[in-house]
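Numbering (the UniProt record's numbering), first residue to last: 1 to 302.
Only one structure is covered here, and it is reproduced in the block below.
Below is the structure:
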């Protein structure tokens, strides 16, 4: 049985799809994460070349590993080492970086919002990681601090993506009439039109991650829509603009390619800030035009 191959230890986390435990592979004492997924939560998607059924999580992770030239431990997504199907559950054996902590705990441990320079280093890695998913036609659907691991064994934390349980195969034009993800992170276009696209929704989630790194409060989409959450006014213009661009209320947000191409330059002159995908005055002009259009509509109706 599995217990002869793996040594399971303490629980690391529990979510809507299952529970994750720390452990070790007995053969070489390799640190692993052991994910238990009840069969009722398993989503089957395809069959492999041998006719074996695959869940969406397994299929997505295998595709990422197949299309990546990197070996285990070198790519941003955590690697799948093995998986087992039992009557009541599926078990995934995953790479477990040591030492590492999820981003939400990393921010808590800091006891105050991260500095822009720290956030810039992390967000650049995140944009590169989700752009790689997009290029592989995988939509994670639940990018958030809890699903981001930071390897803390070096001076600059290294970002890793985890939990592909809600992911799907798609392209940037993928549209969905059902929201899959963290309810408090729903993009505004889904609330207004009950539909959303992979590209703009992922950029929205990148904005949420940046917001939670730079603010003391957790992000809540509805509170943000109602102006109960506000972006700090003491951020640099570049950082403010980047964040506002990702959290635009309409899905004309910059693409991941745009965010990536306007990413931080390694020169000393720009290392302190996150370069902006749009000029701040352009965003202000768009917001002003939106308000003017709404005002004229009211005047016509009256």
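We put the beta carbon where it would ideally sit given N, CA and C, even for glycine.
Per DSSP, the continuous alpha helix (DSSP H) segment holding residue 207 begins and ends at 198 to 214. Judged by pairs of C-beta atoms under 8 Å, the segment 83 to 93 touches the segment 22 to 38, as three or more such pairs exist.
Each residue's CA atom was taken as its position, placing residue 65 and residue 122 some 22 Å apart.
In the same chain as residue 215, and ignoring 5 residues on each side of it, the C-beta atoms closer than 7 Å to its own belong to 113, 232, in chain order. In the structure shown, the three-state DSSP call for residue 236 is coil. Annotated as proximal: residue 55 and residue 45, with beta-carbon spacing under 9 Å. Note that the C-beta distance between residue 93 and residue 81 is below 9 Å.
Assigned with DSSP and collapsed to three states, residue 40 falls in helix. At least 9 Å separates the beta-carbon of residue 190 from that of residue 169. Counting only runs of 3+ residues, the beta strand (DSSP E) found wholly inside the segment 145 to 183 occupies 148 to 151, 158 to 161, in chain order.
For residue 67, the uninterrupted alpha helix (DSSP H) run begins and ends at 56 to 67, by DSSP.
Here DSSP, grouped into helix, strand and coil, assigns residue 112 to coil.
Under the three-pair Cβ rule at 8 Å, the segment 207 to 214 counts as touching the segment 143 to 159. If you draw a straight line from the Cα of residue 240 to the Cα of residue 247, it comes to about 11 Å. Looking at the backbone, the Cα of residue 24 and that of residue 5 are separated by about 9 Å. Rounded to whole angstroms, the separation of the alpha carbons of residue 11 and residue 152 is 20 Å.
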